[in-house]
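Take the sequence shown: its position 378, counting from 1, is numbered 364 in the numbering used here, and each next residue is one higher.
The beta carbon of each residue, even a glycine, is placed where N, CA and C say it ideally should be.
As the structure is a computational prediction, the values presented were derived from the model and not from experiment.
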Amino acid sequence: MHGAQPETWWRDAVVYEVYLRSFADSDGDGIGDLGGLRRRLPYLVDLGVDALWITPWYPSPMADGGYDVADYCDIDSRFGTLADADALLAEAHGLGLRVITDLVANHTSDRHPWFLAALAAGPGSPERSRYFFRDGRAGGSEPPNDWISAFGGPAWTRVRDPDGSPGQWYLHLFAPEQPDLDWDHPGVRDDFDAILRFWFDRGIDGIRVDAAPAMAKVTGLPDAGHGPGALFESRTWVGNPHWDVDGVHDILRRWRRIGDSYEGGRLFVTEAVVNGPERLSRYVRPDEMHTSFNFDYLASPWDAGHLRAVIDASLAALEPVGAPATWVLSSHDETRHVTRFGRARSAAATMGFDTGAPAADLGVGLRRARAAALLTLALPGSAYVYQGEELGLPEVEDLPEEVLQDPTWERSGHTSRGRDGCRVPLPWSGGRPPFGFTDDGVEPWLPQPADWAGSTVAAQLADPTSTLSLYRTALHLRRRIPGVRSGAFSWWRTADDVVAFDRGPAFRCVVNLSDEPLDLRGAGRHLLSSAPCADLLPPDTAVWLEPGAS
Ligand code: NOJ
């Protein structure tokens, strides 16, 4: 550290995920952009969040919504310019908001100059050694090993040589348009050092590390033992040669040293979908990343015992490494939790491999989602809010097939619709699409449901019982009442269908996941509840209380 103490704002921050192309459009092309985000910064300040995480904004062919980067040191012209990014940073900082950007370092776009050079240079060239090019098996016609892509199908694609004949294969753990970099290549490491500095020098407060567990592979690329039709269920993998390989931690330590060289330090949050809290805790050891999304919590069904077990296991695994927990309910990769919690089977499937069945009861789902918000915002550590969850938006499950863009749709052979349903542009105001997201008469890049008039920001701001009002009140209380952010965590009551805990002597959260009302007499003074309640806490409802007061 250069003299200054490391900052610790991230330990209990609420971070709002901005899925940029669906947040707000300022130039009338139907795609969200930095201008739209700048205009809406006051909304985020009023909401009461501490920081923004902005999904990839780099020049990209958008084969995977920007997670296929063609230039790491610029802004895609659909989103704006570097000057817009600088202006956004200055304005956000002026309003007291931190800004976290997304770094996709496991893979580039297949249009990145490094990959184009590798294709042109041919087998055995230094250019190809930045990626994983290998000869195929069975005389070249079969992929080099059995590794699979997160979007379905094999993780290898064969290229054509300049004379048109079939050539080597290259590795892509995601779409074919996202070739994996070989992080054992010193040039790759050095180039990303420079990329990190480029953004930190511009004033970025933190980095969200995309697909962190993918960044190291076992030498020799041995088979993983995946059976035919295997899915990318990395939460169950043990000893997998292409995921959560220990070498990834060397890369993360190197990045941490760079972040720490800036005054006050810079935050790193990893996306690491790995096998359980102990493996996850390795990403947040003191010399590695600061935080890591808790996917076990995100994936949990609406079940008190399950939630309690995940909370216990997460806190127990993080305690020895001294890292805060990071609670997440939704993201641009998962079925929105209003819909998930409205299903009989309410656990999340990752990365869009969600068949949509069984059908959701959205009334039940919204009621549970509101309770889950109070639960999430009362837990110790930091929390992420995915844009639109504060509006109680459901997954859009009936997008016409011809508008689907997520690679999962094609790569699953049209069996999984993928993640577009949670990426539909936000409704801001008005009675019909585009609901203030873009100019009237312009079609957003994904169509919005015609019946979202009651869900717009404008409509919900005018309604004190709306989900937006609930989030605003909860976030403001979280700031005002010290116990919510810093009080010691202890379980209060552990009845089968209840999640109830204290945060110090002056704050209590009780969530009723049973079918029966719960007697709350003597539990404390009501501060906020997710549905009306008095002495009895209705089913699927959460309440914040001040114990000892009435
Ligand atoms: C995780 C991102 O959140 C997801 O949207 C993307 O498809 C993959 N990583 C690949 O970059």
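> Does the Cβ-Cβ distance between residue 439 and residue 445 come in under 8 Å?
Replying inline: Here the question's residue 439 lines up with position 453 in the sequence shown. Here the question's residue 445 lines up with position 459 in the sequence shown. Going by C-beta atoms, residue 439 is nearer than 8 Å to residue 445.
> residue 26: which of 400, 266 and 423 sits nearest, CA to CA?
Replying inline: The residue labelled residue 26 in the question sits at position 40 within the sequence shown. Residue 423 is the option with its Cα nearest to residue 26.
> According to the Cβ coordinates, are residue 280 and residue 223 closer than 8 Å?
Replying inline: As a working mapping, residue 280 is identified with position 294 in the sequence shown. As a working mapping, residue 223 is identified with position 237 in the sequence shown. Cβ distance not < 8 Å, so residue 280 and residue 223 don't count as in contact.
>> Rounding to the nearest angstrom, what Cα-Cα distance links residue 21 and residue 358 in this structure?
In response: Mapped onto the sequence shown, residue 21 falls at position 35. Mapped onto the sequence shown, residue 358 falls at position 372. Straight-line Cα distance between these residues: approximately 32 Å.
> Helix, strand or coil for residue 212 per DSSP?
Replying inline: Residue 212 sits at position 226 when you count from the first residue of the sequence shown. DSSP places residue 212 in coil when its eight states are reduced to three.
>> Considering only DSSP beta bridges, list what residue 477 is partnered with.
In response: In the sequence shown, the residue the question calls residue 477 occupies position 491. Beta-bridge pairing links residue 477 to 487.
>> Spatial neighbours of residue 31 within its chain, please: C-beta separation below 6 Å, excluding the five flanking residues on both sides.
In response: Here residue 31 refers to the residue found at position 45 when the sequence shown is read from its first residue. So the list reads 81, once near-sequence residues are dropped.
>> So, at 6 Å on beta carbons, what are the nonlocal neighbours of residue 464 in its own chain, with the 5 sequence-adjacent residues on each side left out?
In response: For this step, residue 464 is matched to residue 478 along the sequence shown. Excluding residues within five positions, the ones whose Cβ falls inside 6 Å are 363 and 470.
> Taking the alpha-carbon positions, what's the residue 91 to residue 504 distance?
Replying inline: Reading the sequence shown from its first residue, position 105 is the one you call residue 91. Reading the sequence shown from its first residue, position 518 is the one you call residue 504. Whole-angstrom Cα-Cα distance: 48 Å.
> How would you label residue 540, buried or exposed, when you count the other beta carbons within 10 angstroms and need 16 or more for buried?
Replying inline: This structure cannot settle anything about residue 540, because the visible part of the chain is limited to -13 through 536.
> Since residue 289 and residue 194 are thought to touch, with beta carbons under 8 Å apart, how far apart are those beta carbons, to the nearest angstrom?
Replying inline: The count along the sequence shown starts at 1 and reaches residue 289 at position 303. The count along the sequence shown starts at 1 and reaches residue 194 at position 208. Rounded, the Cβ-Cβ distance is 29 Å, inconsistent with contact.
>> Do residue 453 and residue 378 have their beta-carbon atoms positioned less than 8 Å apart in this structure?
In response: The residue labelled residue 378 in the question sits at position 392 within the sequence shown. The residue labelled residue 453 in the question sits at position 467 within the sequence shown. Contact: yes.
> Exposed or buried, what is residue 389 when buried is set at 16 or more other beta-carbons lying within 10 Å of its beta-carbon?
Replying inline: Taking the first residue of the sequence shown as position 1, residue 389 is located at position 403. Residue 389 is exposed by the Cβ-count criterion.
> Which residues bound the alpha helix (DSSP H) around residue 363?
Replying inline: In the sequence shown, counting from the first residue as 1, residue 363 sits at position 377. Looking at the DSSP string, the run of the alpha helix (DSSP H) that includes residue 363 is 348 to 364.
> When we look at the beta-carbon of residue 11 and count the other beta-carbons within 10 Å, is it buried (16 or more) or exposed?
Replying inline: For this step, residue 11 is matched to residue 25 along the sequence shown. Classification of residue 11: buried, given that the 10 Å Cβ count is 16 or more.
>> Can you tell me which residues form a DSSP beta bridge with residue 532?
In response: Position 546 of the sequence shown holds residue 532. 511, per the DSSP bridge assignment.
> Out of 117, 402 and 385, which has the shortest C-alpha to C-alpha gap to residue 545?
Replying inline: Nothing about residue 545 can be reported from this structure: the residues present for the chain run from -13 to 536 only.
>> Applying the 10 Å Cβ sphere with the 16-neighbour rule, what's the burial state of residue 400?
In response: The count along the sequence shown starts at 1 and reaches residue 400 at position 414. That one is exposed.
> At which residue ranges does the stretch 279 to 347 contain complete beta strand (DSSP E) runs of 3 or more residues, listed in the order of the chain?
Replying inline: Along the length of the stretch 279 to 347, whole beta strand (DSSP E) runs at least 3 residues long occupy 312 to 314, reported in chain order.
> What separation, rounded to the nearest whole angstrom, lies between the Cα atoms of residue 114 and residue 408?
Replying inline: By one-based count along the sequence shown, residue 114 stands at place 128. By one-based count along the sequence shown, residue 408 stands at place 422. Distance between the alpha carbons of residue 114 and residue 408: 36 Å.
> For the alpha helix (DSSP H) that contains residue 254, what are its first and last residues?
Replying inline: Your numbering for residue 254 matches position 268 in the sequence shown. That residue, residue 254, is in no alpha helix (DSSP H); its beta strand (DSSP E) goes 253 to 256.
> Rounded to a whole number of angstroms, what is the C-alpha to C-alpha distance between residue 102 and residue 442?
Replying inline: Locating residue 102 in the sequence shown gives position 116, counting from the first residue. Locating residue 442 in the sequence shown gives position 456, counting from the first residue. Residue 102 and residue 442: Cα-Cα distance of roughly 44 Å.
>> Please list the terminal residues of the continuous alpha helix (DSSP H) segment that includes residue 181.
In response: For the purposes of this step, residue 181 is taken as the residue at position 195 of the sequence shown. According to the DSSP assignment, residue 181 belongs to the alpha helix (DSSP H) that extends over 172 to 188.
> How many Å lie between residue 508 and residue 479 at the Cα?
Replying inline: Here the question's residue 508 lines up with position 522 in the sequence shown. Here the question's residue 479 lines up with position 493 in the sequence shown. Rounded to the nearest angstrom, the two C-alpha atoms are 13 Å apart.
> Among the residues of its own chain, which have a CB less than 8 Å from the CB of residue 75, if the five just before and after it don't count?
Replying inline: Counted from its first residue, the sequence shown places residue 75 at position 89. Contacts found: 85, 188, 189 and 190.
> In the structure shown, what three-state DSSP assignment does residue 70 receive?
Replying inline: Counting from 1 along the sequence shown, the entry for residue 70 is found at position 84. Residue 70: helix per DSSP, three-state reduction.
>> Let me confirm a value: residue 71 is counted as buried when at least 16 other C-beta atoms fall within 10 Å, else exposed. Which label applies?
In response: On the sequence shown, residue 71 is found 85 positions in, with the first residue counted as 1. With 16 or more other Cβ atoms within 10 Å, it is buried.
>> Assuming contact is defined by CB atoms lying nearer than 8 Å, are residue 373 and residue 348 in contact in what I supplied?
In response: Looking up residue 373 in the sequence shown gives position 387. Looking up residue 348 in the sequence shown gives position 362. It is not a contact, given that the beta carbons lie outside the stated cut-off.
>> So for residue 9, helix, strand or coil by DSSP?
In response: Walking along the sequence shown from the start, residue 9 turns up at place 23. If DSSP states are grouped into helix, strand and coil, residue 9 belongs with coil.
> Candidates 247, 170, 494 and 270: which alpha carbon is nearest residue 233's?
Replying inline: Counting from one through the sequence shown, the residue named residue 233 turns up at place 247. Per the Cα distances, 170.
>> Under 8 Å: do the stretch 233 to 251 and the stretch 264 to 273 share three or more Cβ pairs, one atom per stretch?
In response: yes
>> Considering only their Cβ atoms, is the gap separating residue 45 from residue 36 smaller than 8 Å?
In response: Numbered from 1 along the sequence shown, position 50 holds the residue referred to as residue 36. Numbered from 1 along the sequence shown, position 59 holds the residue referred to as residue 45. For residue 36 and residue 45, no; Cβs fall outside 8 Å.
>> Quick check on residue 82: does DSSP put it in helix, strand or coil?
In response: As a working mapping, residue 82 is identified with position 96 in the sequence shown. Note: residue 82 maps to coil in three-state DSSP.
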